[in-house]
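Each remark here refers to the structure printed beneath this line.
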């Protein structure tokens, strides 16, 4: 199978990293990436960005994905400093990334048109939950979306990792899509159902929002990426009225 540009770039960086650290085992120990994954990628298997990110960071590399609006590194230009920070050193740009901010309903798995990106959301990337994650989007909870209350309220902003679509453990909060393509924040449960799999999207505010059940094969062509955009890993909430 012919490699694409992404795979070729990763392989080039991977080989350079192995040369830098001496062996694949040494690279694994330095970055925390398993030797099994390193071996698979060298044989041509396409890595997920989140998996290979520690190696890219160790080599000072950034990859821009053509199929998505990626989180971007930040360059501060005359940033306004709040009064509380007037006598503190300025923030280091390398500690932050900017994630595209989109609305909940239209948040999909692929490229965002310019008019769909409402703004950019500044993220401190050294938080453990965010560290090494790069395919991030910020999603604003819709003004009438109360299904995840009291945890999430209209206007809250969640950070979604589009490289993390693992729903094997039930109850994770994910950005999902119904078969018509509308996005929403829900908890997810995946269960085997005969020859198919049942996907259940359920809410914290269950009394007013009954679970939605779909078939992975029948409704999503057996493609989990069509149903699950990514995992919610962080949230910013307006607590003034809480």
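Numbering (the working numbering), first residue to last: 821 to 1062. Where a beta carbon is used, it is the ideal one built from N, C-alpha and C, also for glycine.
- Shown here for residue 977: same chain residues with a beta carbon closer than 6 Å to its own, the five before and five after excluded, namely 958, 960, 1056 in chain order.
- Taking residue 1014 as the centre and dropping the five residues before and after it, the same chain places no C-beta closer than 6 Å to its C-beta.
- Apart from the 5 residues on each side of it in sequence, residue 1042 sits with its Cβ closer than 7 Å to the Cβ of 1036 in its chain, given in chain order.
- Taking residue 848 as reference, the option from 871, 947, 865 with the minimal CA-CA separation is 871.
- With 16 or more neighbouring CB atoms inside 10 Å of its own CB, residue 920 falls in the buried class.
- Closest by C-alpha distance to residue 941, out of 845, 831, 834, 979, is 979.
- Its Cα nearest to that of residue 1023, the residue 990 stands out among 990, 1017, 831.
- Residue 1025 is positioned such that its CB atom lies closer than 8 Å to that of residue 967.
- Beta-bridge annotation (DSSP): residue 939 is paired with 921.
- Rounded to the nearest angstrom, the Cβ distance from residue 1053 to residue 953 is 7 Å, consistent with a contact under 8 Å.
- Taken atom to atom, the span from the alpha-carbon of residue 1004 to that of residue 995 is near 6 Å.
- Within the region 955 to 1003, complete beta strand (DSSP E) segments of at least 3 residues are found at 956 to 960, 977 to 981, 992 to 997, given in chain order.
- If you ignore the 5 residues before and after residue 916, its C-beta comes within less than 7 Å of the C-beta of 894, 942, 943, 944, 945, all in its own chain and listed in chain order.
- Scanning its chain for C-beta atoms nearer than 8 Å, with the 5 sequence neighbours on each side dropped, one finds around residue 963 the residues 974, 975, in chain order.
- Bridge pairing for residue 1043: absent [DSSP].
- With contacts defined by Cβ atoms closer than 8 Å, residue 875 and residue 843 do not form a contacting pair.
- In this structure, DSSP gives residue 1012 an extended state, which the three-state scheme calls strand.
- The DSSP-derived three-state label of residue 860 is helix.
- The beta carbon of residue 1021 is closer than 7 Å to those of 996, 1006, 1008, 1031, 1032 in its chain, skipping five residues each way along the sequence.
- Here the alpha carbon of residue 984 sits roughly 8 Å from the alpha carbon of residue 1049.
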